[in-house]
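First to last, the sequence lines map onto chains A and B.
Residues 12 to 173 in the numbering used here are what the first sequence lists, from first letter to last.
Residues 9 to 393 in the numbering used here are what the second sequence lists, from first letter to last.
Glycine included, each C-beta is placed from N, C-alpha and C at the ideal position.
Everything on this sheet refers to the single structure shown next.
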Amino acid sequence: MTTEKKAEKKPEYIKVEIARPRAYKWSSGKYLGKLYKEALENRKLVTNRCPKCKQLLWPPAGVCGRCNVEAGEDWVVMSGEGTVLQYTYLVFPLWDPHYGDRLANPYPTATIKLDDGVFLVHFLEEKDPEKLKNVKRVQAVWKEEGRGRGLGDILYFRTIDE
Amino acid sequence: MAERVGIVAVAQTKYSPNRADANEGELVYEAVKQVLQETGLKFAQDGTGIDATVTCSQDFWDGRTISSCNVMSYVGHHHSDEDKVAEDSLNAVYTAFARILSGHQDVVLVATHCKESQGDKRGIENAAMDPIFLRVLGLDFLSAAALQARRYMYKYGITPYQCARVVVKNRGNAKRNPFAQEPLDLTVEDVLGSQVLASPIRRLDAKPTSDGACAMILATERKAKKLCQKPIWIEGVSNCYETHYLGDRDLAECDALVKAAKKAYKMADITDARKQVNVAEISEEYSYQELLWMEGLGLCGRGEAGKIIDSGMTQLGGQLPVNPSGGMLSGNPTVVAGMTRIAEGVLQLRGEAGERQVTGAKRALAHGFTGVCGQLQGVMILGKA
Ligand SMILES: [Zn+2]
Chain A
12 MTTEKKAEKK PEYIKVEIAR PRAYKWSSGK YLGKLYKEAL ENRKLVTNRC
62 PKCKQLLWPP AGVCGRCNVE AGEDWVVMSG EGTVLQYTYL VFPLWDPHYG
112 DRLANPYPTA TIKLDDGVFL VHFLEEKDPE KLKNVKRVQA VWKEEGRGRG
162 LGDILYFRTI DE
Chain B
9 MAERVGIVAV AQTKYSPNRA DANEGELVYE AVKQVLQETG LKFAQDGTGI
59 DATVTCSQDF WDGRTISSCN VMSYVGHHHS DEDKVAEDSL NAVYTAFARI
109 LSGHQDVVLV ATHCKESQGD KRGIENAAMD PIFLRVLGLD FLSAAALQAR
159 RYMYKYGITP YQCARVVVKN RGNAKRNPFA QEPLDLTVED VLGSQVLASP
209 IRRLDAKPTS DGACAMILAT ERKAKKLCQK PIWIEGVSNC YETHYLGDRD
259 LAECDALVKA AKKAYKMADI TDARKQVNVA EISEEYSYQE LLWMEGLGLC
309 GRGEAGKIID SGMTQLGGQL PVNPSGGMLS GNPTVVAGMT RIAEGVLQLR
359 GEAGERQVTG AKRALAHGFT GVCGQLQGVM ILGKA
């Protein structure tokens, strides 16, 4: 026995697409500006230390939010080495909203505790899902081109021996 | 009856066309630092310091959602009670006032910032329009203001000369205000000879691009008296919205402002604002707005503001000085403007307004607005008694 399928009439919705983003020119400010400058010119990751709690601020800033005191100019160059705390394995493509670049896919992203005590979210070089499970110690790999983007000047973190 | 709420400290940055040297947090901290130092208060939620913070910033101007995140460590947000108000910062002070009247908080910091230099002004203002119905028409606040100026001037016989006199007065007043961005010695002819932006509005009828911040601390009556020698009291405050769609409004009228003013006056026991207010700080992005808003505020009758500016009544030294600070026309960011008006009112009532002091000022009016053709209107009455 055959049944005749009636074509169901679907409602039509109109969507309005606005594709072009608005332009901004943000000031990094004094403290974040130093992070940008050191990353760009010296491939160094820097931040400043709170004079009261002695912890490193992240990102660098003029006031420690924990203590509500002015942080000042006690700058520290960090090692760029750390330990992976959590990771996720992204299978959909990320994009860089500032510059419009599509990031490679898949891209493992991790929370990394730098040896200096600062927590950072960044990419991992290791893309093998099985090997990722064992990644512990990592080190920053700096980009060769397209620099001047702060943390974006680090390409990813590479697995190093413990 | 509830305790009164006092303003115990105010601070402003110098307003500037481009503060590329500072990000939003660093900018707002320039003002916050001063009110903390002046009062000796620290952020502490144990009843010994600042109980909460209210910030005012606008996500589109900051280019991010939750724009208070831009300033959080600079205004004591960390593990603290914080509220962000968008639109005009007069409403942030209103929110802080209400928090204190709730009885649960005694001391509240209010801080606002805006860096107009960072964004695309016309694009951001266009984004205030309904996204799929009105944005396509390309209106921004300037083009909408031009329509309003034309309608107001036509209906009430306000002349371009009278609008230009507002600019001459305010840019001149700015010479006496150390925070003002662009004081200028102008003549009416200078204003009328400047480039047309959107007729009838010319370049000098409009405010320049501006970056800046403002901060203040509010407290219960008891704490205010301990914290400061000359607390200034919030005697009345209100706000009111117009409908968004311009086609539903007669742009020569400002009904929302009339209503907001009535409610604020009632709260402050004001029956005749022109006689009972000694100084008014009125937010005017465009010159016609000072005149139109004066009428909406009931400081003169409808259509009378032109004659009032001609008479010199609103000049420094006149019967009712309006914008002795130089107003927004001398350079003052949107968003921040309402708090600038309040801060200036506080300085006037404290007798600390320097060369722009209105002699013997006992009661001040502060006005703030935001949105297309003054869609949201806010009024605050400050008193020293
Ligand atoms: Zn600290």
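Taking residue i as the query, report the chain B residues whose CB atoms sit under 8 Å from its CB, ordered along the chain.
i, result
"A/Tyr35", "Gly71, Gln126, Gly127, Asp128"
"A/Lys48", "Under the 8 Å cutoff, chain B gives no residues; its nearest Cβ is about 14 Å from A/Lys48."
"A/Leu43", "Asn31"
Is residue j closer than 8 Å to residue i when the C-beta atoms are compared?
i, j, result
"B/Ser88", "B/Ala119", "no"
"A/Ile171", "A/Glu92", "yes"
"B/Gln156", "B/Gly314", "no"
"B/Glu250", "B/Gln113", "no"
"B/Ile108", "B/Val101", "no"
"A/Gly159", "A/Leu51", "yes"
"A/Glu81", "A/Val74", "yes"
"B/Ser333", "B/Glu190", "no"
"B/Tyr23", "B/Pro329", "no"
"B/Val366", "B/Met224", "no"
"B/Gly14", "B/Leu226", "yes"
"B/Ala30", "A/Gly111", "no"
"B/Ile209", "B/Ala136", "no"
"A/Phe134", "A/Phe168", "yes"
"A/Pro71", "A/Tyr98", "no"
"B/Arg159", "B/Leu259", "yes"
For residue i, which residues of its own chain have a beta-carbon under 7 Å away from its beta-carbon, when the five flanking residues on both sides are left out?
i, result
"B/Arg358", "Lys238, Ile240"
"B/Thr21", "Leu35, Glu38, Ala39, Gly220, Ala221"
"B/Ala272", "Gly244, Val245, Ser246, Val387, Met388, Ile389"
"B/Asn181", "Leu324, Asn331, Pro332, Ser333, Gly334, Arg364"
"B/Ala232", "Gly14, Val16, Pro239"
Looking only at its own chain, which residues have a Cβ that is under 6 Å from the Cβ of residue i, when we skip the five neighbours before and after it?
i, result
"B/Ala361", "Leu355"
"B/Glu243", "Ala276, Ile389, Gly391"
"B/Lys370", "Asn286, Lys392"
"B/Ala374", "Glu289, Arg349, Ile350, Gly353, Met388"
"B/Glu298", "Val174, Ile290, Glu292"
"B/Arg184", "Glu363, Arg364"
"B/Thr378", "Glu95, Asp96, Leu384"
"B/Tyr294", "Ala153, Ile209, Asp213, Ala214"
What residue range does the alpha helix (DSSP H) around residue i cover?
i, result
"B/Ile58", "Looking at the DSSP string, B/Ile58 is not in any alpha helix (DSSP H), and its letter there is neither H nor E."
"B/Glu229", "229-235"
"B/Phe187", "It is not in any alpha helix (DSSP H) - B/Phe187 carries neither H nor E in the DSSP assignment."
"A/Leu166", "Unbroken run through A/Leu166 is the beta strand (DSSP E), 165-170; no alpha helix (DSSP H)."
"B/Ala272", "263-275"
"A/Met89", "Per DSSP, A/Met89 belongs to no alpha helix (DSSP H); it is in the beta strand (DSSP E), 86-89."
"B/Val83", "It is not in any alpha helix (DSSP H) - B/Val83 carries neither H nor E in the DSSP assignment."
"B/Glu298", "295-304"
Can you pull the chain A neighbours of residue i, defined as C-beta to C-beta under 7 Å?
i, result
"B/Gly84", "Asn79"
"B/Gly131", "Arg33"
Just to make sure I have the definition right: I need the residues of chain A whose C-beta is within less than 8 Å of the C-beta of residue i. Which are they?
i, result
"B/Ala28", "Ser38"
"B/Ile242", "The contacting residues do not exist; B/Ile242 stays about 26 Å from chain A at best."
"B/Ile140", "Val27"
Along the chain, where does the beta strand (DSSP E) containing residue i start, and where does it finish?
i, result
"A/Gly93", "92-101"
"A/Leu56", "56-59"
"B/Asp138", "Run containing B/Asp138: none; DSSP gives neither H nor E here."
"A/Tyr118", "118-125"
"B/Asn331", "B/Asn331 -> no beta strand (DSSP E), and no H or E assigned at all."
"B/Phe377", "371-378"
"B/Asn247", "240-249"
"B/Gln126", "B/Gln126 -> no beta strand (DSSP E), and no H or E assigned at all."
"B/Asp91", "90-93"
"B/Met388", "384-391"
At a CB-CB cut-off below 9 Å, which residues of chain A make contact with residue i?
i, result
"B/Asn286", "Result: empty, since nearest Cβ-Cβ is about 38 Å, beyond 9 Å."
"B/Tyr37", "Gly73, Val74, Glu81"
"B/Phe51", "Asn79"
With respect to 7 Å, is the separation between the Cβ of residue i and the closest non-hydrogen atom of ligand 1 below this value?
i, result
"A/Val80", "yes"
"A/Lys63", "yes"
"A/Gln66", "yes"
"B/Arg257", "no"
"A/Cys75", "yes"
Looking only at its chain, what residues have a beta carbon closer than 8 Å to the beta carbon of residue i, apart from the 5 residues adjacent to it on each side?
i, result
"B/Ser65", "Glu32, Ser75, Ser76, Asn78, Val79, Lys92, Ala94, Thr120, His121, Cys122, Val343"
"A/Leu96", "Ala121, Thr122, Ile123, Lys124, Phe130"
Using a C-beta to C-beta distance shorter than 7 Å, which residues of chain B count as neighbours of residue i?
i, result
"A/Ala72", "Gly33, Ser81"
What residues of chain B sit near residue i, judged by a beta carbon separation below 9 Å?
i, result
"A/Leu131", "Ordered by position in chain B, no residue passes the 9 Å Cβ test against A/Leu131, which lies about 18 Å from the chain."
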